[in-house]
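*Asks:*
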Amino acid sequence: MKKIIILGLIVMTGIASLTGCKKYLDINSDPDTPQFPDPSSVFPTQLAAIPRGLQFDARYAGRYIQNWSTGATSNSNIDLMGYTASSDVNGDIWRQTYFGLGQNLNYIIDNGIKNGQWDYVGAALSLKALMFQYATDYHGPIIFTDAFKENQAFFKYDDQEVVYRGVDSLAKLAITYLNRSDYNPSSSRLSKGDFVYNGSIPKWKKFTFGLLARNAHRITNKATYNAQAVMDYCDSSLSVVDDDFVIPFDALKNDDANFFGTYRNNLTTLRQTNFIVRLLDGSILSGVTATSATAFNRDPRLKHILAASHDTTNGNGGFRGLDPGVADPYVALANWWTYATNSTNWINARKKVAIPFGDTLYVNPSSNVFSSQFRKYLFGDKVVMPIMTASEIQFMKAEAAYKKGNTGVALDAYTKGINLHFDFINRPNFPRGNNVLYTGNPITAAERTAYLNGNDVRRTVATITLSDIMLQKYIALYGWGFFETFVDMRRYHWTADLDPVTNNAVYLGFTLDLTKLAPENLGKPVYRVRPRFNSEYVWNRDELLRIGALNGDYHTYETWFSQP
Amino acid sequence: MRKILLLMLLFGVGVFYANSSLAQARVISGVVIGDDDNTPLRDVTVTVKGKSNATKTNQVGSYSITANTGDVLVFTFIDYTRQEAIVGASDKVNIRLVQAQKQLGEVVVTAYGTRKSKRELGYSAQDVKGEEIAETQRDNWINALAGRVAGANITPTSGVPGASTSIVLRGAVSLGGNNQPLFVVDGVPYDNQTMNQENLASGNSVALGNRNSDYTNRAADINPADIESVTILKGPEATALYGSDGASGAIVITTRKGKSGKATVNYDNSFRFEKVYRFPEIQQVYGRGTAGIADQNATVNPYAAGAISAYFGPKYAPDTKFYDNVNAFFKTGFTQKHNINVEGGSDVSTYRLSVNYANQEGVVPMTGFEKLSIRLGGTAKVSQKINISTSFNYVNTITDKSTKGAGGYLLNLLNFPSDVDVRDYQNTDGSRKIYKSNASNSTEFDNPFWDVNKNRSQDKLDRITGNFTINIDPLKWLNIKTITGLDVYSQTGDLLIHPLSRSGFSTNGFYSVYQQNTKNLNNVFQVTGRKKFGNFSNALTLGASVDDYKTRIDAQRGERFYELNFASLNNTDPTSRDAKTTIMNVRKTRLFATYSLGYNNMVYLSFAGNREGNSTFMSKFVEKNPYFNYGAASISFVFTELKALNTLEWLSYGKLRASYGTTGKGPLLPYVIDYTFQSQITTGGGYAYGFTGNNFGLKPEFTKNFEFGTELKFLKNRISLDLTHYSLRSKDQILAARSSYGTGYVIKYFNGGLVENKGIEATLNVNAVKRKNFTWDVTANFDRNRGKILRMPADLPTYYDSDTWVLGNLRSQAYAGAFTGNLSGSVYLRNANGELIINPTTGLPASTGADFFIVGDRQPDFKVGLINTFSYKDFTLSFNLDFRKGGDVFNGNEFWLYLQGLSKRTLDREKPVNITGVLNDGLQNTTNPTRSTITIYPYYRSDYFTATSVTESDFIESVNWMRLRDATLTYRLPKALMARQKWIKGASVFVTGTDLFMITNYTGADPSVNANTAFARGYGGAGIDYGSLATPRGVNFGCRVQF
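Keeping their order, the protein sequence lines are chains X and D.
For the first sequence, numbering that gives the first Met the number 0 assigns the number 563 to the last residue and increments by one with no breaks.
For the second sequence, numbering that gives the first Met the number 0 assigns the number 1042 to the last residue and increments by one with no breaks.
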């Protein structure tokens, strides 16, 4: 009897002490996934997260700026500078700014500071600046100071001016951290996890100066614009192709393959435009419509960047393009060889605009199958997605110098910019064994010299124009710098701002018919993109109402940066 | 495993020890049986008059006590008339206790096997007999509870073998959490998980959102033949007993125990034929085409989910040969089930072994279910003061499954052209036959035969549950009890999408496998003291419990098959393989105390308090308190004990009761307090936040419930009525909700909101006829629940369950002010006066598209379950009619058929239509809008049948039904016949029909299906009828024999 009671008491005490013991309950950590990873484990995902937002949205912004147009249907809304309502179309920069990177970067910054990993802190701050710059340039007012607040479901938008100052501060803070050398010796360094620069602090600093340059350069229309500051930032920034910030892909499975490659098949109906074709075949820059007789005006980069059709009788070697809102007239035709030779269908089928993956291809030849054969320029499974290039920096410098009246510096930077883009195409190797960008063989020195001495390029301070700088920059950014080009074109108000010398639109040759825009545009070109639908239109509506984003033509409201 | 062996050893020792104790000195033993229903009575106090010896009867009613010849044994038990017996020469004293008049003492099993007199309970608890459940012959016994329990909402997922069933008591309270009750078997929680598809390794083109495949809810593993009784605790009182797991109520199951006496063997079987007979109807007037022009290749692509055949062509030619594809596809299902059990024992020990085998071939080709369950249980009286009981149950199941929902066999069968033979699904070389000449493997949906034959999927389960209970009565007034429970299972399964199937073609096949291992350990220890002081009875229980739940799911997938028809990960391209591990470890500890005070068998007060520690609130980074408190208080007043009412002839029993209880609930999943990183497979790998963001500040979801009710019995207990009204409020809801990405996440855990549930429940029992040869009993269960969202967590504008978003713009969605069963969808655009706004160029109205509006509430107005039992001589007939009034159902199948021109609603397409409304010309909101005069000829206008001119709200139906859930006719072979031979003691034959008919205003097949599975958050996919097969009609026959 006594024994039973004693036994009972022992059991009871045992259980009671367990129940009282907090330690017994302390198992709320995922044994499967670390809940407190080292910044070096989070950093690679952040690099890989950058192209996702940019490339997803490039399918739309790339059409606003006429890198691409839809070949399958006429009057596609996006081709006509419209938007897709009640949809997450064009919402991936937004997604990545807050979700894909935002909170993760905060984690790296917070824990990097705790661990004395200043390189991670600096790089993460730099990427945060990058993403917020993209987001505000794309959307105008965005959530900035209110972002990431715990226990909050609604967020206030900040004016773009505030975000600009914020981006500037983030980038400068990044440099402060990148300059620190008092590392905690037991913490891992940036070389682990940074598959872009391998932890090179000088390169990260150059990249961050590039961000500062972008931030400072965007307000060219304002009285406060400081061209010298931009030029100074550019001088501290990327200077050779080896400095280029390019994100490589492993292309082993869907998630690590280039979004623009054949495997992921996202360029289904997108085709090159007449604008880029004419820039590269010399029609615009030489002022003479390309014919077989003026083949010397063709840019040697043409065959490395664009895709040619079978029919090569169009005067530029078979490079065809589309005009915005107008489908490929021959899209419905089957393969040319299925028709009788020299029949009308046979002739026309050979004139279809090629898909960006390669010459004489009209459909994706390798959907869901990895291919290193079917690729062209940046459109392949295992080719890099550039984020910033030395060439871009030179064009920025050229424009700033030109605005400042320093045409000598402008000409020099312009020439360097073109050369750096040739170097970019010719670059022999890329991180993680990514494929080269040239088709066949690199551009020869002879080709390059011929081009630089040809009719497309200005060689004197007297002849260089703003238009030349911007159009060469457009070429150098084709296929990757969509958002930068979108900023540039908005700064020149599409076709409205004229080159002071030529009195033509700065973007000479760019097609914009205000009477043929999407109906919701009410005759106005696009100036911003609506915030992501399944974030803001569903969950943060009150704030949208406040800033007017519920209006059908909100996307045509000019953003702050391009206003005087 | 070692623990299992140890338990088995203990069990063995117990039995031997018990047997050896037989040899002891003069001990009087016997069995106490209740006179009313011949069942052994437990906890009957046996004392020797004038001495201090006392004992209690065990589970099987047996007792033993030391006494001398001439001593008087006194048997006392609540609600029964005290009885005395003089000890004579025999060592056996068996007693039949007679119920005290007006004190019909129903006993319910509450916490951890504690039997309480129903009169003590201050809250409602309903009982269902195991026999009654087993008699329905349901594959998933939870379906048998429909109509039998007031306040239970039972939703089967579909009518295929192994389908899961969800049960929600009184209505969903948690908007984003689990609302299903806790299952408890013999005091031990019984895991009722339904596999969450999100734990699978996802594929490129295969959506895994708990909608394309079903997984059995694991409580279905219980063999109904092993169930003695089921007690349903509906309110949060269950938490006071079982902790936060019982926050949504508890289903308390007591299993059958062996009865002492000579060993008996029972065998029963059942052979079941089932046939699905309710289908969405399709028109067979107009053939394939668009705008009235015949085109065998015409397609529509509603919601860009994939092109399906369009039936907007001209009328079929009169000589068209139609195939009865639907009947060609489905077959008659057949199930055989065998149960055998052996039981027996002595006064000191009993045992029971039961074996159950079931084999089912489903109504859908290639589907099936096989189950083997072996259960061994025993009780032993180790000494005068110690009783032990233990049981083990091994269950093995194999489920062969088919797909459901979008792209599944059912929808594809409906869309399949009636003028093409569906049976002709493959070419001679084994490749898939495409019926549209312009389609390809990736553009044409699978022939349903192809789907069920080639896209194979199977689940296998091995499960062992066991419990070990020790009851010690060191003193007359003191009881000590420990229950140790173990629930271990391993579930594996696969899902294959054939390389030539539509969704497998682009990736050249998809194969997914998973292994789930669950190990739950539960331990409870409690000490109960009972003492009577004068007219006051006191009972105080102090206890503690420790629960440890572990589930690990390892999932892998691969794509790009080498061999077309080989199901293995090794058959996939190594670079396509992916793996995912999900581990969920949760621990709970609890200290609890209950105290009840009774006065004169008339008034009972009870109090319960709990302090629970829940590991899901722990953090490694912030200071968190994992402990929280909740409790309950109740009063029961048996007013018929009052002198003034004591003598009323017409009122035999009357009780008023009220209770107030609170509960706390943790998050549905562990690890949501600290950072929620997930492994990434992007270039360079590493970790990044998953979609769902953690919340360091989460606190328990807190619910309070107030209920009151009455129990009345009239005319010598011939009529009894139980009425309950409850109102419940739940605050600080834990919800993983979408919100602005400004949080840094797609989904974020929030705390907050306020949800209210109010309702009434009534149960009426009428013993209508009671003659010698004929009795007629009627039971009616009524319930009505209204759940309303008063405030949203974090004041979110809305919250929706993405799993339920299976078609178009319709989903289960919550708003402040909406009902918990809310459905949201698109509606027509209207002007300020509510008139349709018509597009001036098309003449068609416009839909709000992806802007969601409230379109329905799935909560029924009320439900009634009506159970009639007739017995005439050796025949017994019982049937369960289930009525439902109101409650919206989305007829997704019909909507889907409408969009492709197959719905019968599209038949009047040749009649010109002028849609009444105002033109969208800028004047629509003025006082003088332009009326539309545009005439539309739908036959020539396929756009008339598109999603812009018809909305989900047009396919919401308020559903009433009367369904015959089950009916059983039993014939017991006459005793006279049995007496002629010795070895069969009794035998009966039976016929049982399930779901024999349904009368309903619902235009679809079966409104009681689920778009998802029983793994559901919040209200789940109940009431969304899309791509799930109706429950088939089944007829069982079999026999029961007792040896």
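Every residue gets a Cβ at the ideal spot worked out from N, C-alpha and C, and that includes glycine.
Against D:Asn-222, what residues of chain X qualify as contacts under a CB-to-CB distance less than 7 Å, listed in chain order?
*Replies:* Here the question's residue 222 of chain D lines up with position 223 in the second sequence. Near D:Asn-222 there are no residues of chain X at all, since even the closest Cβ is about 31 Å away, more than 7 Å.
*Asks:* Confirm, please, whether the CB-CB distance from D:Tyr-310 to D:Gln-899 is below 8 Å.
*Replies:* Residue mapping note: residue 899 of chain D aligns to position 900 of the second sequence, counting from 1. Residue mapping note: residue 310 of chain D aligns to position 311 of the second sequence, counting from 1. Yes, the Cβ-Cβ distance between D:Gln-899 and D:Tyr-310 is below 8 Å.
*Asks:* Please name the residue, chosen from X:Asp-91, X:Ser-40 and X:Gly-99, that lies closest to X:Phe-482 on a Cα-to-Cα basis.
*Replies:* Start at 1 with the first residue of the first sequence, and residue 482 of chain X comes out as number 483. Answer by Cα proximity: X:Asp-91.
*Asks:* In its own chain, which residues sit with a C-beta less than 6 Å from the C-beta of X:Phe-55, not counting the 5 before and 5 after it?
*Replies:* Your numbering for residue 55 of chain X matches position 56 in the first sequence. If we look at X:Phe-55 and ignore the five residues flanking it on each side, its Cβ neighbours are Asp-91.
*Asks:* Between the alpha carbons of X:Phe-208 and X:Tyr-82, how many angstroms are there, rounded?
*Replies:* By one-based count along the first sequence, residue 208 of chain X stands at place 209. By one-based count along the first sequence, residue 82 of chain X stands at place 83. So the alpha carbons of these two residues sit roughly 33 Å apart.
*Asks:* Grab the span of the beta strand (DSSP E) containing D:Ser-729 for me, first residue to last.
*Replies:* Counted from its first residue, the second sequence places residue 729 of chain D at position 730. First-last of the beta strand (DSSP E) with D:Ser-729: 718–737.
*Asks:* Taking 8 Å as the CB-CB cut-off, is X:Gln-102 touching chain D?
*Replies:* To locate residue 102 of chain X, count along the first sequence from 1; it is residue 103. So, interface residue.
*Asks:* What is the DSSP secondary structure of D:Glu-280, reduced to helix, strand or coil?
*Replies:* Here residue 280 of chain D is taken as the residue at index 281 of the second sequence, counted from 1. Coil, per DSSP.
*Asks:* According to DSSP, which residues form a beta bridge with D:Thr-156?
*Replies:* On the second sequence, residue 156 of chain D is found 157 positions in, with the first residue counted as 1. DSSP lists no partner for D:Thr-156.
*Asks:* Please list the partners that D:Arg-586 has in chain X, where partner means a Cβ-to-Cβ separation under 7 Å.
*Replies:* Numbered from 1 along the second sequence, position 587 holds the residue referred to as residue 586 of chain D. The contacting residues are Tyr-23, Leu-24 and Ile-26.
*Asks:* Quick one: which chain D residues come within Cβ less than 9 Å of X:Phe-35?
*Replies:* If you number the first sequence from 1, residue 35 of chain X lands on position 36. What X:Phe-35 touches in chain D: Lys-619, Phe-620, Asp-673, Tyr-674 and Phe-676.
*Asks:* Can you tell me whether DSSP reads X:His-138 as helix, strand or coil?
*Replies:* Locating residue 138 of chain X in the first sequence gives position 139, counting from the first residue. It is helical.
*Asks:* Roughly how many angstroms separate the alpha carbons of X:Val-120 and X:Leu-177, rounded to a whole number?
*Replies:* In the first sequence, residue 120 of chain X corresponds to position 121, counting from 1. In the first sequence, residue 177 of chain X corresponds to position 178, counting from 1. Answer to the nearest angstrom: the Cα atoms are 8 Å apart.
*Asks:* According to DSSP, is X:Val-229 part of a helix, a strand, or is it coil?
*Replies:* Here the question's residue 229 of chain X lines up with position 230 in the first sequence. Correct three-state label for X:Val-229: helix.
*Asks:* Report the three-state DSSP secondary structure of X:Trp-335 (helix, strand or coil).
*Replies:* The residue labelled residue 335 of chain X in the question sits at position 336 within the first sequence. Note: X:Trp-335 maps to helix in three-state DSSP.
*Asks:* Can you tell me where the beta strand (DSSP E) holding D:Arg-586 begins and where it ends?
*Replies:* Along the second sequence, read from residue 1 onward, the residue named residue 586 of chain D stands at position 587. Element bounds for D:Arg-586: 577–598.
*Asks:* Is there a Cβ from chain X that is less than 8 Å from the Cβ of D:Ala-1029?
*Replies:* Here residue 1029 of chain D refers to the residue found at position 1030 of the second sequence. It does not; no Cβ of chain X falls within 8 Å.
*Asks:* If the criterion is Cβ atoms closer than 8 Å, does the pair X:Gln-34 and D:Lys-619 meet it?
*Replies:* Counting from one through the first sequence, the residue named residue 34 of chain X turns up at place 35. Counting from one through the second sequence, the residue named residue 619 of chain D turns up at place 620. Yes, the Cβ-Cβ distance between X:Gln-34 and D:Lys-619 is below 8 Å.
*Asks:* As an exercise, report each continuous beta strand (DSSP E) stretch of at least 3 residues that is fully enclosed by the region 820–872 of chain D, in chain order.
*Replies:* Complete beta strand (DSSP E) runs here, min 3: 821–824, 852–856 and 861–871.
*Asks:* Tell me the DSSP bridge mates of X:Ser-390?
*Replies:* Taking the first sequence and counting its residues from 1, the one referred to as residue 390 of chain X is at position 391. Paired residues: none, contrary to the question.
*Asks:* Using a beta-carbon distance cut-off of less than 8 Å, what residues from the region 785–802 of chain D approach chain B?
*Replies:* No chain B appears in the structure shown, which is made up of the protein chains X and D.
*Asks:* Taking 8 Å as the threshold (beta carbon to beta carbon), is D:Ala-1010 in contact with chain X?
*Replies:* As a first step, residue 1010 of chain D must be located in the second sequence, where it is residue number 1011. Chain X, which has no Cβ nearer than 8 Å to the Cβ of D:Ala-1010, makes this no.
*Asks:* Say whether chain D places a C-beta atom closer than 8 Å to the C-beta of X:Lys-252.
*Replies:* If you number the first sequence from 1, residue 252 of chain X lands on position 253. It does; some Cβ of chain D falls within 8 Å.
*Asks:* Do you know whose CA, among X:Val-162, X:Tyr-556, X:Val-525 and X:Ala-400, lies nearest X:Ile-463's CA?
*Replies:* Within the first sequence, residue 463 of chain X is the residue found at index 464, counting from 1. Out of X:Val-162, X:Tyr-556, X:Val-525 and X:Ala-400, X:Ala-400 has the C-alpha closest to the C-alpha of X:Ile-463.
*Asks:* Which chain X residues are close to D:Ile-853, counting only those with a beta carbon under 9 Å from its beta carbon?
*Replies:* The residue given as residue 853 of chain D occupies position 854 in the second sequence. What D:Ile-853 touches in chain X: nothing, since even the nearest Cβ is about 15 Å away.
*Asks:* Measure the C-alpha to C-alpha separation of D:Gln-192 and D:Arg-217 and round it to an integer number of angstroms.
*Replies:* Along the second sequence, one-based indexing puts residue 192 of chain D at 193. Along the second sequence, one-based indexing puts residue 217 of chain D at 218. Spanning the two alpha carbons is a distance of roughly 6 Å.
*Asks:* Find the residues of chain X that neighbour D:Pro-669, judging by a C-beta separation of less than 7 Å, and give them in chain order.
*Replies:* As a first step, residue 669 of chain D is located in the second sequence; it is residue number 670 there, counting from the start. Here the neighbours are Asn-27.
*Asks:* Leaving out five residues on either side along the sequence, give the residues of the same chain with a beta carbon under 7 Å from the beta carbon of X:Asn-425.
*Replies:* Translated into positions along the first sequence, residue 425 of chain X becomes position 426. Once the five neighbours on either side are set aside, the close Cβ partners of X:Asn-425 are Tyr-437, Pro-441 and Ile-442.
*Asks:* What number of angstroms, rounded off, separates the C-alpha of D:Asn-466 from the C-alpha of D:Phe-532?
*Replies:* Along the second sequence, read from residue 1 onward, the residue named residue 466 of chain D stands at position 467. Along the second sequence, read from residue 1 onward, the residue named residue 532 of chain D stands at position 533. Whole-angstrom Cα-Cα distance: 35 Å.
*Asks:* In angstroms with no decimal places, state the Cα-to-Cα distance between X:Thr-223 and X:Lys-402.
*Replies:* On the first sequence, residue 223 of chain X is found 224 positions in, with the first residue counted as 1. On the first sequence, residue 402 of chain X is found 403 positions in, with the first residue counted as 1. Straight-line Cα distance between these residues: approximately 13 Å.
*Asks:* Give me whichever residues DSSP pairs with D:Thr-662 in a beta bridge.
*Replies:* Looking up residue 662 of chain D in the second sequence gives position 663. D:Thr-662 is bridged to D:Thr-702.
*Asks:* Could you tell me whether the Cβ atoms of X:Ala-555 and X:Tyr-526 are closer together than 8 Å?
*Replies:* As a first step, residue 555 of chain X is located in the first sequence; it is residue number 556 there, counting from the start. As a first step, residue 526 of chain X is located in the first sequence; it is residue number 527 there, counting from the start. First, the residue type needs correcting, since residue 555 of chain X is Thr and not Ala in the sequence shown. Yes, the pair counts as a contact, with Cβ atoms nearer than the cut-off.
*Asks:* Closest to D:Thr-993 by C-alpha separation, out of D:Ala-316, D:Asn-613 and D:Asn-142, would be which residue?
*Replies:* Counting from 1 along the second sequence, the entry for residue 993 of chain D is found at position 994. Of D:Ala-316, D:Asn-613 and D:Asn-142, the residue nearest in Cα terms is D:Asn-142.
*Asks:* Using a Cβ-Cβ cutoff of less than 7 Å, which residues in the same chain neighbour D:Lys-320 once the five nearest sequence positions on both sides are dropped?
*Replies:* As a position in the second sequence, residue 320 of chain D is number 321, starting the count at 1. The answer, listed in chain order, is Asp-418.
*Asks:* Could you tell me the alpha carbon to alpha carbon distance between D:Arg-255 and D:Pro-416, rounded to whole angstroms?
*Replies:* For the purposes of this step, residue 255 of chain D is taken as the residue at position 256 of the second sequence. For the purposes of this step, residue 416 of chain D is taken as the residue at position 417 of the second sequence. Rounded to whole angstroms, D:Arg-255 to D:Pro-416 spans 53 Å at the Cα level.
*Asks:* Could you pull the start and end residues of the beta strand (DSSP E) that D:Asn-93 belongs to?
*Replies:* Reading the second sequence from its first residue, position 94 is the one you call residue 93 of chain D. Neither: D:Asn-93 is in no beta strand (DSSP E) and is coded neither H nor E.
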